[in-house]
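Here is the structure we will look at, set down as structure tokens.
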Amino acid sequence: MECREHPGVEAAGGCARCGKAGCRHCLTMAAGALFCRSCATLLGAGAPAREPAPRVPVDPKKRMSAAWIGAVVFLIWGMATVSPPP
Ligand SMILES: [Zn+2]
Ligand SMILES: [Zn+2]
């Protein structure tokens, strides 16, 4: 398998979203998976590697409340989906 963008270059893997084969210059690591450039840009992970995102320490309390809000929203959404129509 060779890179779609660079013929003759062995592909390092395939895009996790569209499956396009790409070499390690074309694939971007995002959220633990490899994506091609266009998909990485779509996902908002196309930031250049030379400018890493600053690590902002998250307040544990804020993180907990965010988790709670997520759980509550998921519960409400789940109930609304599961409950039978009147
Ligand atoms: Zn892709
Ligand atoms: Zn390539």
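Quick note: the sequence shown uses the working numbering, first residue 5, plus one each step. Glycine included, each C-beta is placed from N, C-alpha and C at the ideal position. Just so it is clear, the structure is predicted and the values come from calculations on it, not from any experiment.
Task: Three-state class that DSSP yields for A71 in the structure shown - done: helix
Open item on the list: From the DSSP secondary-structure annotation, give me the bridge partner or partners of A25.
Closed with: G18
Open item on the list: Can you tell me where the alpha helix (DSSP H) holding L46 begins and where it ends?
Closed with: 41-46
Task: Which of helix, strand or coil DSSP assigns to A37 - done: strand
Open item on the list: On the CB-based measure, 16 or more other CB atoms within 10 Å of its CB, does R22 come out buried or exposed?
Closed with: Before going further, note that residue 22 is Cys rather than Arg in the sequence given. C22 is exposed by the Cβ-count criterion.
TODO: Can you say whether L46 is buried or exposed, counting buried as having 16 or more other CB atoms within 10 angstroms of its CB?
DONE: exposed
Task: Coarse secondary structure for V13, derived from DSSP in three states - done: coil
Open item on the list: Checking the sheet assignment: what are the DSSP bridge partners for T32?
Closed with: F39
Open item on the list: ligand 2 and G23: does any heavy atom of the ligand fall closer than 7 Å to the residue's C-beta?
Closed with: no
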